[in-house]
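Below: the structure, in structure tokens.
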Amino acid sequence: MTTKLFQRRKGRTRYRLVQNAAGRPRLSVYRSGKHIYAQVIDDRAG
Numbered sequence: 007m008t009t010k011l012f013q014r015r016k017g018r019t020r021y022r023l024v025q026n027a028a029g030r031p032r033l034s035v036y037r038s039g040k041h042i043y044a045q046v047i048d049d050r051a052g
């Protein structure tokens, strides 16, 4: 049951991200202990 809830929440979050972006690419940032990684994600390109 909790897996279903997590999947629904993930779907809602991604849907809202795409809707709010209005065609802009989004920036994803990951901080590790030593480095900071950033990637630009274009949802239209897939």
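Those letters in the sequence shown? Residues 7 to 52, per this note's numbering, in order. For every residue, glycine included, the Cβ atom is placed at its ideal position computed from N, Cα and C.
Asked: Which stretch, first to last residue, makes up the beta strand (DSSP E) that contains ALA44?; Found: 42 to 47
Asked: DSSP three-state label for ARG18, please.; Found: helix
Asked: How many angstroms separate the CA atom of ARG32 from the CA atom of SER38?; Found: 20 Å
Asked: Just list the residues that DSSP pairs ARG32 with in beta bridges.; Found: ILE47
Asked: Could you tell me which of ARG14, GLN13 and TYR36 sits nearest to ALA44, measuring between CA atoms?; Found: TYR36
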